[in-house]
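From first to last, the protein sequence lines are chains S and A. Following the working numbering, the numbering of the first sequence begins with 2 at its first residue and continues without gaps. Following the working numbering, the numbering of the second sequence begins with 452 at its first residue and continues without gaps. Working notes, structure below.
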Amino acid sequence: MTKTSPALGEPLMQIRNLDKSFGGVKAVQDVSMDLRAGIVTTLVGPNGAGKTTFFNLITGNLARDSGQVTWLGQDTAGLKPYRLARAGVGRTYQDLRLFDGMSVWENVLNATEHGAFPMPISRAHRRGRRERMEHVLERTGLIDKRHTRAIDLAYAERKFLSMARIMATEAQLWLLDEPASGLDPNSYERFLTILREDVAGGVTVCIIEHNLDIVVGISDRIAFLDRGKLLADGDPKTVLNDPELARIYFGDRA
Amino acid sequence: MEAYIYNLVNLIAIYAILAVTLNFIMGYAGIYSLAHAVFFGLGAYVAAWVALHVHPSIFVTLPAAMASAAALSLLLALPALRVRGEYFVAASLGLQVLAVTVFSEWKSFTGGIGGVLAIPPADVFGVEVFKPQHFAIVSIIALIVVIGLINALVHSSFGRNLRAIRDSESAAASFGKNVPMIKTLSVVISAALAAIAGALYASYMSFINVESFTLDTSVLVMAMVIIGGTGTVAGPIVGAALLMLLPSAISWIDFLPQTEVGALQQIIYGLGMTLLMIFRPGGIVGRRAAV
Numbered sequence: 002m003t004k005t006s007p008a009l010g011e012p013l014m015q016i017r018n019l020d021k022s023f024g025g026v027k028a029v030q031d032v033s034m035d036l037r038a039g040i041v042t043t044l045v046g047p048n049g050a051g052k053t054t055f056f057n058l059i060t061g062n063l064a065r066d067s068g069q070v071t072w073l074g075q076d077t078a079g080l081k082p083y084r085l086a087r088a089g090v091g092r093t094y095q096d097l098r099l100f101d102g103m104s105v106w107e108n109v110l111n112a113t114e115h116g117a118f119p120m121p122i123s124r125a126h127r128r129g130r131r132e133r134m135e136h137v138l139e140r141t142g143l144i145d146k147r148h149t150r151a152i153d154l155a156y157a158e159r160k161f162l163s164m165a166r167i168m169a170t171e172a173q174l175w176l177l178d179e180p181a182s183g184l185d186p187n188s189y190e191r192f193l194t195i196l197r198e199d200v201a202g203g204v205t206v207c208i209i210e211h212n213l214d215i216v217v218g219i220s221d222r223i224a225f226l227d228r229g230k231l232l233a234d235g236d237p238k239t240v241l242n243d244p245e246l247a248r249i250y251f252g253d254r255a
Numbered sequence: 452m453e454a455y456i457y458n459l460v461n462l463i464a465i466y467a468i469l470a471v472t473l474n475f476i477m478g479y480a481g482i483y484s485l486a487h488a489v490f491f492g493l494g495a496y497v498a499a500w501v502a503l504h505v506h507p508s509i510f511v512t513l514p515a516a517m518a519s520a521a522a523l524s525l526l527l528a529l530p531a532l533r534v535r536g537e538y539f540v541a542a543s544l545g546l547q548v549l550a551v552t553v554f555s556e557w558k559s560f561t562g563g564i565g566g567v568l569a570i571p572p573a574d575v576f577g578v579e580v581f582k583p584q585h586f587a588i589v590s591i592i593a594l595i596v597v598i599g600l601i602n603a604l605v606h607s608s609f610g611r612n613l614r615a616i617r618d619s620e621s622a623a624a625s626f627g628k629n630v631p632m633i634k635t636l637s638v639v640i641s642a643a644l645a646a647i648a649g650a651l652y653a654s655y656m657s658f659i660n661v662e663s664f665t666l667d668t669s670v671l672v673m674a675m676v677i678i679g680g681t682g683t684v685a686g687p688i689v690g691a692a693l694l695m696l697l698p699s700a701i702s703w704i705d706f707l708p709q710t711e712v713g714a715l716q717q718i719i720y721g722l723g724m725t726l727l728m729i730f731r732p733g734g735i736v737g738r739r740a741a742v
């Protein structure tokens, strides 16, 4: 996790004038944002605001209509999602997309393996990787379930496996799509601890979250999206105390 | 009697190679191909041609067969794997239909409908292997080598990548996997190894024609995989043995007129397949259905 990490606050990903329409619906309109090293940015907004579409656009899973995204100063236009992933942009999915037929261990192991061909790896490297994976599984509480198939896990365990996979990678930026939704209070504490530790360890996080306790507990910055537009982008207190945004968020729309 | 049994052993080993290699893409990568008999056939024709015109050593015929099948599979995989899964099934079906036409019409290479005659027996280190009991050693060693290779691949990072892609392509890509490349490679490996079965078949039978490489064969091999257990190690071998033994088992029934054997066989296939899918969708060796 200690690559050539840029100084705290340096922009890792710069998003400029991002646009995307589906048919006549403008899913994302003219969104500009910087994701800065070591900063936790939370995307909030009502359902259908374009938060997940925004993730899909910046990772290249969806083609953008216009706008520019740079990663570590490089334009990402035309870059396939797997290339961007190798360059250090990790993501999770709201519907998890675990490798259901594989064990917990294999899910995490696979997240650390990039190449198409099986490459011989040294014993020291193998040992280092195993220790790192065991550490990740201990932190996510999955170490005793390492031989269980992903599909046989309970709901909260599945959410943590989704986190464990990204933790095992060397991604510098984590795009997390509702990682804590539906967690019980204990799991939720564990989740916050993990996130805080990894952020302290140098990971940059952009997270989609509905739970305002989490939002307040973890965010350095809040970006408020509604109907594809970025309505506010600033420190948590200012954004959350804006009566206009609260009205939109809690659905009191005229 | 002895020759009869060894003959069955050889055919089971050859079809088991086909089933094991098809299972590699079906069971691990989730790629359903209806063109497996094309690579079986191409392997057989190329091996026959090489044995007749170059050298009958299996160390010449096998590599030639494998290389041709790999090259042809690349032509199928490169365009077809860039789109969604269903299109691969359609594209492979197209290739199968096209190949049967080419196999029946390209007389200078395949002998047309009449086929290729008098293919020299397999030459292993200068020894001509033509008796079924001797050939059984060759075919079983080939089967073991293919199973060993596929098992090693499945348990390597390559195999994990295949299963990851089968479970979620988008998530696999998010973890840096070059999905089209990995899928293409798996199809090429599967086709090249299936050609081994073709090469063995040509030198064992000493006569081949298009009848053995039609869509029926592709479907039969797929049935072997499904009945035995998709995504398992032993499944395709059990499936191949079962479906190859079935016709012989039926022919042992004394009171059944020989003309009815084919019909009964079809009924048993159909009924067996239906019952299996209801009660054991994972196949004979596969996991039981989740309750």
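Where is the CB? At the ideal position from N, CA and C, for every residue including glycine. All values derive from a computational prediction rather than experimental measurement.
Residue(s) in a DSSP beta bridge with residue i
i       : result
K21(S)  : V29(S)
R92(S)  : L176(S)
P12(S)  : R37(S)
I659(A) : V567(A)
S625(A) : Bridge partners of S625(A): none, in fact.
S484(A) : S484(A) pairs with nothing; no bridge assigned.
L44(S)  : I209(S) and A224(S)
S508(A) : D574(A)
V580(A) : A573(A)
Under 9 Å by beta carbon: chain B residues contacting residue i
i       : result
M103(S) : Absent from the structure: chain B. Protein chains present are S and A.
For residue i, the nearest candidate out of the options (CA to CA)
i       : options                               : result
R17(S)  : V240(S), E132(S), L58(S) and G91(S)   : L58(S)
G627(A) : R87(S), G235(S) and L162(S)           : R87(S)
A569(A) : T552(A), N660(A) and N458(A)          : N660(A)
F581(A) : S654(A), L696(A), D705(A) and L726(A) : S654(A)
Y479(A) : G252(S), G102(S), P121(S) and M14(S)  : G102(S)
F56(S)  : R127(S), T149(S), V204(S) and E179(S) : E179(S)
S22(S)  : G51(S), R130(S) and G61(S)            : G51(S)
V105(S) : R166(S), T205(S), L19(S) and P186(S)  : R166(S)
D234(S) : N242(S), F225(S) and R140(S)          : F225(S)
T113(S) : V505(A), I729(A) and S608(A)          : S608(A)
D667(A) : L600(A), P631(A), Y720(A) and T710(A) : Y720(A)
M632(A) : S619(A), L613(A) and A648(A)          : L613(A)
A247(S) : H211(S), D20(S) and D153(S)           : H211(S)
H746(A) : E135(S), P119(S), R98(S) and L196(S)  : This structure cannot speak to residue 746(A), because chain A is shown only from 452 to 742.
Proximity below 9 Å, CB of residue i to CB of residue j
i       : j       : result
Y250(S) : V45(S)  : yes
P572(A) : S625(A) : no
A169(S) : R133(S) : yes
V689(A) : G679(A) : yes
Q69(S)  : S182(S) : no
S555(A) : G563(A) : yes
A645(A) : S519(A) : no
Y466(A) : F560(A) : no
Y538(A) : M673(A) : no
G91(S)  : L176(S) : yes
A550(A) : L493(A) : yes
L184(S) : A157(S) : yes
A151(S) : N187(S) : no
T60(S)  : P82(S)  : yes
L264(S) : L213(S) : Residue 264(S) cannot be examined here, being either before or after the span of chain S that is shown, 2 to 255.
Q30(S)  : G229(S) : yes
S621(A) : N48(S)  : no
S699(A) : Q709(A) : no
T43(S)  : R222(S) : yes
V489(A) : Q547(A) : yes
P237(S) : S220(S) : yes
A648(A) : F475(A) : no
8 Å contact criterion, which residue i and residue j should meet: CB distance rounded
i       : j       : result
V736(A) : G686(A) : 4 Å
A498(A) : A515(A) : 7 Å
G203(S) : G39(S)  : 7 Å
A464(A) : S663(A) : Not quite, the Cβ-Cβ distance comes to about 15 Å (not below 8 Å), so this is no contact.
A642(A) : L526(A) : The Cβ separation is near 10 Å, so there is no contact.
L73(S)  : L36(S)  : So it is not a contact: roughly 11 Å between Cβ atoms.
L694(A) : L671(A) : 7 Å
M34(S)  : T93(S)  : That belief does not hold up - the Cβ atoms of M34(S) and T93(S) are roughly 19 Å apart, past 8 Å.
R191(S) : G142(S) : 6 Å
Would you mind listing the beta strand (DSSP E) stretches within the segment 141-205 of chain S that are 3+ residues and don't spill past its ends, in chain order? 174-178
Would you list, in sequence order, the uninterrupted beta strand (DSSP E) runs of no fewer than 3 residues that lie entirely inside the segment 204-255 of chain S? 205-209, 222-227 and 230-235
So within the segment 588-623 of chain A, which uninterrupted alpha helix (DSSP H) runs reach at least 4 residues, ignoring any that extend past its ends? 608-618
Hey, which unbroken runs of the beta strand (DSSP E) at 3 residues or more fall wholly within the segment 58-119 of chain S? 67-72 and 90-92
Residue ranges of each alpha helix (DSSP H) within the segment 676-705 of chain A, 4 or longer: 686-702
Where are the alpha helix (DSSP H) runs, 4 residues long or more, that stay fully inside the segment 500-562 of chain A, in chain order? 509-531, 536-556 and 558-561
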